[in-house]
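Undergrad: Pasting a structure below so you can have a look.
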Amino acid sequence: MVSRVIPVDPFDLVIFGGTGDLARRKILPGLYRRFEAGQMTADSRIIGAARGDLTEDAFRALVAESIAEFVPKARQDKAVIGAFLQRLHYIAIDAKGDGGWAQLKEVQRDGVVKAFYFSVAPALFGDIAERLKSHGIAGRDARVVVEKPFGRDLASARALNETLRQHFKEDQIYRIDHYLGKETVQNLMAVRFANILFEPLWKAEYIDHVQITVAETVGVEGRGAYYDTSGAMRDMVQNHLMQLLCLIAMEPPYHFDPDAVRDEKLKVIRALDPVGPDAIVRGQYLAGGGQGGYLDDSENPDSRTESYIALKAHISNWRWKGTPFYLRTGKRLRARASEIAVTFKEPPHSIFDDAEGWRENVLVIRLQPNEGMNLMMMIKEPGPGGMRLMQVPLDMSFADALGADHEEVPDAYERLIMDVIRGNQTLFMRGDEVEAAWAWADPIIAGWETRADRPQAYDAGSSGPEDALMLLHRDGRRWREIR
Ligand code: NAP
């Protein structure tokens, strides 16, 4: 069922931060999976770069450990792993110093795609970009991949964009939001724009509201000091949830082309209304289940950082005027679940007496777990006893639809790295998009920072703070259960 794997052009990928957590958990295991699938040609090379004084063998051993830990056992083939490790090299480079750059220059070769993954703190982006240029390593055809966080407000995002643009053109810069690499997220575009079914109904006239939920069971897990500089709004809403909202709300692009898609997403962000304090609930998890609360995990006992946020957003354009988009995300919640639920309005007139049995049509797009889509429909309850209505799901689970091939669906990082090599920016954020998202988020954050209010406490393992339930109750609506 999964389509044939088409190998990408030979490439040299330099991973700055090649020994870091992200490289070991996601980037390198992902590259192995693409190699194993036959998508990465045998003449491609991956060059790890970090300050650590590692031999090539030590780097290969580290990557072998990562593959053993993070790749499903069924995909671990000793011979293939051996061949993959041969594609790996390591150069000790200090982003801020002179060591290693001449060596990196020396190993450059022509005729292959050149990509540079900045899997390091954003404070190093400028240093690396500048040295790639001054040493003549990255030319006009080079591509650079940058990780989140892309700024912590509009000013810092602008400064990062300016730094990168001093050395690279926008069409060379790949800003990763790994949510865009998820299979279901891309399927959202296919469902909306490859079917006639939904588009005529896809507007305020027929859609009552949209809920976007990203719930995690984990807490900040030892990253309290970092998280205190971020919080759920910066860490999740400004980027991941915003991207999901854009894909739901955007107008059909004229073509599935990077700038056509990103132009439409940008229009959505620019049409978002400011969000006032009444439309926002922030929360912090309490201790529970044998684990400490947020204030134990943070290094600041008075931290006012939110580990949960729910908000109501409105898009001021013809299509969406009057349809609220409810967004929520949080840590230490009841279940790990990410989904988008589009709730349709009631039919204009009911011909059935059984009004009791009626429920709204809901299109649920599940990102995790059990990726898939579900359309909640009304039907007649089977059997005698008159016309009684009941709701049933039209279920399309990827696991069922793809069977054994489901395992083959690349994870978000694999897909996105291959898109970098193919030179396709559709699933990457453009600089103006990121800036527009911060321009929307900044006043919201400034609101609670200037008021100095505290997030509401919520129980670990719950659905979030009480006030978040009220946010919808006030509008006569309810959140979907997190499960
Ligand atoms: P990490 O575990 O701290 O790794 C940082 C890497 O950068 C190490 O390889 C480190 O090796 C290298 N490094 C540090 N300073 C350097 C310098 N001056 N010159 C060259 N290399 C240097 O960090 P990470 O978790 O992998 O995160 C990397 C980036 O991805 C960050 O921007 C982070 O926000 C982002 N990110 C991470 C995750 C994740 O799940 N980890 C998820 C999303 C985004 P040496 O110390 O040997 O130099």
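Here the sequence shown stands for residues 332 to 814, numbered as in this note's numbering.
All residues carry an ideal CB built from backbone N, CA and C; glycine is no exception.
Count the C-beta pairs between the region 543 to 559 and the region 653 to 665 that are closer than 8 Å, then say yes if the count reaches three, no if not.
TA: Short answer: they touch.
Undergrad: Run through DSSP, which three-state label would Val394 get?
TA: Helix, per DSSP.
Undergrad: Taking 6 Å as the line, does the beta carbon of Gly508 fall inside it for any heavy atom of the ligand NAP?
TA: The sequence as given places Asp at residue 508; Gly does not occur at that position. No, the beta carbon of Asp508 sits no closer than 6 Å to any heavy atom of the ligand NAP.
Undergrad: Across which residues does DSSP place Ile378 in a beta bridge pair?
TA: Answer is Val345, His420, bridged to Ile378.
Undergrad: Could you tell me whether the Cβ atoms of Ala486 and Ile600 are closer together than 7 Å?
TA: For Ala486 and Ile600, no; Cβs fall outside 7 Å.
Undergrad: So does Ala767 have its beta carbon nearer than 6 Å to some heavy atom of the ligand NAP?
TA: No - the ligand NAP has no heavy atom lying nearer than 6 Å to the Cβ of Ala767.
Undergrad: Bridge partners of Asp726, per DSSP?
TA: According to DSSP, which records beta bridges pairwise, Asp726 is partnered with Asn705.
Undergrad: So what's Thr781 in DSSP terms, helix, strand or just coil?
TA: Thr781 falls in the helix class under three-state DSSP.
Undergrad: Where the beta carbon is closer than 7 Å to any heavy atom of the ligand NAP, which residues qualify, in chain order?
TA: Chain-ordered list of matching residues: Phe347, Gly348, Gly349, Thr350, Gly351, Asp352, Leu353, Ala354, Arg356, Lys357, Ala380, Ala381, Arg382, Gly383, Ile424, Asp425, Ala426, Lys427, Ser450, Val451, Ala452, Pro453, Leu455, Glu478, Lys479, Pro480.
Undergrad: Can you tell me whether DSSP reads Gly661 as helix, strand or coil?
TA: In this structure, Gly661 counts as strand in the three-state DSSP scheme.
Undergrad: Label Gly621 either buried or exposed according to how many other C-beta atoms from any shown protein chain fall within 10 Å of its C-beta, with 16 as the threshold for buried.
TA: Result: exposed.
Undergrad: Report yes if the C-beta distance between Ala556 and Glu630 is below 7 Å; otherwise report no.
TA: Closer than 7 Å, so yes.
Undergrad: Measuring CB to CB, does Gly309 end up less than 7 Å from Leu758?
TA: For the chain, the structure presents residues 332 to 814; residue 309 sits outside this window and is missing.
Undergrad: Between the C-alpha atoms of Ile671 and Gln699, what's the straight-line distance to the nearest angstrom?
TA: Cα-Cα distance, rounded: 11 Å.
Undergrad: If you drop the 5 nearest sequence neighbours on each side, which residues of the same chain put their C-beta closer than 6 Å to that of Asp340?
TA: If we look at Asp340 and ignore the five residues flanking it on each side, its Cβ neighbours are Val444.
Undergrad: When burial is assigned at 16 or more other CB atoms within 10 Å of the CB, is Asp508 buried or exposed?
TA: It is buried - the Cβ of Asp508 has at least 16 other Cβ atoms within 10 Å.
Undergrad: Enumerate in chain order the residues of its own chain whose CB-to-CB distance from Asn648 is below 7 Å, with the five nearest sequence positions on each side excluded.
TA: Counting only Cβ-Cβ distances below 7 Å, and skipping sequence neighbours, we find Ala602.
Undergrad: Ala488 lies in the alpha helix (DSSP H); which residues open and close that run?
TA: 485 to 498 is the extent of the alpha helix (DSSP H) around Ala488.
Undergrad: Using the Cα positions of Leu519 and Leu694, report the straight-line distance between them to the nearest angstrom.
TA: Whole-angstrom Cα-Cα distance: 11 Å.
Undergrad: According to DSSP, what are the bridge partners of Ile696?
TA: In DSSP, Ile696 forms a bridge with Ile671, Met704.
Undergrad: Expressed to the nearest angstrom, what Euclidean distance is found between the alpha-carbon atoms of Ala490 and Ser561?
TA: Near 18 Å, if we compare the C-alpha coordinates of Ser561 and Ala490.
Undergrad: Name, in chain order, the residues that DSSP records as bridge partners for Tyr505.
TA: Answer is Val476, bridged to Tyr505.
Undergrad: Looking at C-alpha atoms only, which residue of Arg565, Ile398, Arg613, Ile424 is the closest neighbour of Leu802?
TA: If we check each option's Cα against that of Leu802, Arg613 comes out closest.
Undergrad: Count the CB pairs spanning the region 587 to 597 and the region 699 to 710 that are closer than 8 Å, and state whether there are at least three.
TA: Touching, no.
Undergrad: Ordered along the chain, which non-local residues of its own chain (more than five positions away) have a Cβ less than 6 Å from that of Ser794?
TA: If we look at Ser794 and ignore the five residues flanking it on each side, its Cβ neighbours are Arg665, Ile813.
Undergrad: Checking 7 Å against the spacing of the C-beta atoms, do Leu617 and Asp790 come in under that value?
TA: Cβ atoms of Leu617 and Asp790: closer than 7 Å.
Undergrad: Expressed to the nearest angstrom, what Euclidean distance is found between the alpha-carbon atoms of Gly778 and Val751?
TA: Roughly 38 Å separates the two Cα atoms.
Undergrad: Can Gly348 and Val451 be called in contact, C-beta distance under 7 Å?
TA: Contact flag set, yes.
Undergrad: Count the other C-beta atoms from every protein chain shown that fall within 10 angstroms of the C-beta of Ser681, then say buried if there are 16 or more, exposed otherwise.
TA: Counting Cβ neighbours within 10 Å, Ser681 comes out exposed, since fewer than 16 surround it.
Undergrad: Pairs of beta-carbons, one from the region 683 to 693 and one from the region 624 to 644, closer than 8 Å: are there three or more?
TA: No, because fewer than three Cβ pairs between the region 683 to 693 and the region 624 to 644 fall closer than 8 Å, the two stretches do not touch.
Undergrad: Beta carbon of Ile337, beta carbon of Tyr363: below 7 Å?
TA: No. Outside cutoff.
Undergrad: Does His586 come out as helix, strand or coil in the three-state DSSP assignment?
TA: DSSP places His586 in coil when its eight states are reduced to three.
Undergrad: Comparing alpha-carbon positions, which option in Ala373, Gly369, Pro724 lies nearest Asp343?
TA: Nearest of Ala373, Gly369, Pro724 to Asp343, Cα basis: Ala373.
Undergrad: For Ile337, does the three-state DSSP call read helix, strand or coil?
TA: Note: Ile337 maps to coil in three-state DSSP.
Undergrad: Among Asp798, Met573, Arg667, whose alpha-carbon lies nearest the alpha-carbon of Val765?
TA: Ranking the options by Cα distance to Val765, first place goes to Met573.
Undergrad: When you compare only the Cα positions, how much space is there between Phe366 and Arg746?
TA: Rounded to whole angstroms, Phe366 to Arg746 spans 12 Å at the Cα level.
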